[in-house]
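Undergrad: Here's a structure for you.
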Amino acid sequence: AQRVTQPEKLLSVFKGAPVELKCNYSYSGSPELFWYVQYSRQRLQLLLRHISRESIKGFTADLNKGETSFHLKKPFAQEEDSAMYYCALSDDTDKLIFGTGTRLQVFP
Amino acid sequence: ETGVTQSPTHLIKTRGQQVTLRCSSQSGHNTVSWYQQALGQGPQFIFQYYREEENGRGNFPPRFSGLQFPNYSSELNVNALELDDSALYLCASSGDPSGYRTDTQYFGPGTRLTVL
């Protein structure tokens, strides 16, 4: 079955500390992986997708097919990074399968 | 460019009633997907509409139905409401679905449905 697992409900760090939000998936084919973010009182929005290989707002994510992971990383967290982060997988029908989300809190 | 809009913002219904939620897609988009987000959970795919036809459905019962109109706006209808239907309902629009890559889905602000 297709599934996305985000093991941490809450991740708290201090400003300037490195951040890693974990995401593991199960999918038999070649998935497309995404990270979506929801800032306070804003709508869900795409942060990055693995095929773009971009760094957005200092965040990167590498697809590791051997470990079926797509962890989101940032070397130096900022207070404005505080938000809810969702990892998502797209199958070949274009539907998105989301994890349960990780709330990132960055303290000053 | 106009973003995805949803109406109403909030809705309170009682068990057994029917509800219709509405979504206007972002200009230039012809695909609308609906998701249900229960408290503390990630969004769960309900179904997708492409050019007025259902183009995929998640694990939801038939009392969840939808429509897409020629202007690509969409409705989600839920009959015989149950308490567990209380959730945030999200609509997302995107371009043509394809087997090669997934178009970015742009989400609306959601409709908060409470079933008493």
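Just so you know, the sequences run in chain order A and B.
In terms of our numbering, the first sequence is residues 344 to 451.
In terms of our numbering, the second sequence is residues 149 to 264.
Backbone N, C-alpha and C fix where the C-beta goes; we use that ideal spot for every residue, glycine too.
1. Put residue 397(A) into one of helix, strand or coil per three-state DSSP.
2. Are the CB atoms of residue 154(B) and residue 258(B) within a distance shorter than 8 Å?
3. Shorter than 8 Å from the beta carbon of residue 193(B) to some beta carbon of chain A?
4. Tell me whether residue 422(A) sits in a helix, a strand or coil according to DSSP, three-state version.
5. State the Cα-Cα distance for the pair residue 186(B) and residue 236(B), rounded to the nearest angstrom.
6. From 386(A), 361(A) and 393(A), pick the residue whose C-alpha is nearest to that of residue 413(A); which is it?
7. Just reading off the beta strand (DSSP E) that residue 213(B) is part of, what are its end residues?
8. In terms of residue numbering, what span does the beta strand (DSSP E) encompassing residue 161(B) cover?
9. Which chain B residues sit within Cβ distance under 8 Å of residue 440(A)?
10. Per the DSSP calculation, residue 346(A) is bridged to which residue(s)?
11. Near residue 344(A), what residues of its chain come up, given a Cβ to Cβ distance below 8 Å and the 5 sequence neighbours on each side ignored?
12. In the DSSP output, what is residue 413(A) paired with across the bridge?
13. Using only CA atoms, which one of 165(B), 172(B), 263(B) and 227(B) lies nearest to residue 209(B)?
14. From the beta carbon of residue 259(B), is the nearest beta carbon of chain A less than 8 Å away?
15. What does residue 429(A) touch in chain B if you count any residue whose Cβ is under 7 Å from its own?
16. How many Å lie between residue 247(B) and residue 387(A) at the Cα?
17. Using the Cα positions of residue 134(B) and residue 367(A), report the straight-line distance between them to the nearest angstrom.
TA: Reading from the atomic positions:
1. As a first step, residue 397(A) must be located in the first sequence, where it is residue number 54. Three-state result, residue 397(A): coil.
2. As a first step, residue 258(B) must be located in the second sequence, where it is residue number 110. As a first step, residue 154(B) must be located in the second sequence, where it is residue number 6. Contact flag set, yes.
3. The residue you call residue 193(B) lines up with position 45 of the second sequence. Answer yes: the Cβ-Cβ gap between residue 193(B) and chain A drops below 8 Å somewhere.
4. The residue labelled residue 422(A) in the question sits at position 79 within the first sequence. Of the three classes helix, strand and coil, the one that applies to residue 422(A) here is helix, per DSSP.
5. Indexing the second sequence from 1 puts residue 186(B) at position 38. Indexing the second sequence from 1 puts residue 236(B) at position 88. Each residue's Cα considered, the two are about 6 Å apart.
6. As a first step, residue 413(A) must be located in the first sequence, where it is residue number 70. When each option's Cα is compared against that of residue 413(A), the closest is 393(A).
7. Numbered from its first residue, the second sequence carries residue 213(B) at position 65. Per DSSP, the unbroken beta strand (DSSP E) holding residue 213(B) starts and ends at 212-216.
8. Taking the second sequence and counting its residues from 1, the one referred to as residue 161(B) is at position 13. It spans 158-161 - the beta strand (DSSP E) in which residue 161(B) sits, taken as one unbroken run.
9. Walking along the first sequence from the start, residue 440(A) turns up at place 97. 193, listed in chain order.
10. For the purposes of this step, residue 346(A) is taken as the residue at position 3 of the first sequence. For residue 346(A), the beta-bridge partners assigned by DSSP are 369(A).
11. Position 1 of the first sequence, counted from the start, is the residue given in the question as residue 344(A). Once the five neighbours on either side are set aside, the close Cβ partners of residue 344(A) are 369.
12. As a first step, residue 413(A) is located in the first sequence; it is residue number 70 there, counting from the start. When DSSP reads this structure, residue 413(A) sits in no beta bridge, so it has no partner.
13. In the second sequence, counting from the first residue as 1, residue 209(B) sits at position 61. If we check each option's Cα against that of residue 209(B), 227(B) comes out closest.
14. Indexing the second sequence from 1 puts residue 259(B) at position 111. Under the Cβ distance rule, residue 259(B) does not count among the residues neighbouring chain A, no pair being separated by less than 8 Å.
15. Counting from 1 along the first sequence, the entry for residue 429(A) is found at position 86. Residues of chain B passing the Cβ test: 190.
16. The residue given as residue 247(B) occupies position 99 in the second sequence. The residue given as residue 387(A) occupies position 44 in the first sequence. Only weak support exists for where residue 247(B) lies, its pLDDT of 49 falling under 50; the value from the coordinates is given anyway. So the alpha carbons of these two residues sit roughly 24 Å apart.
17. Chain B is shown only over 149 to 264; residue 134(B) falls outside these bounds and no answer can be derived.
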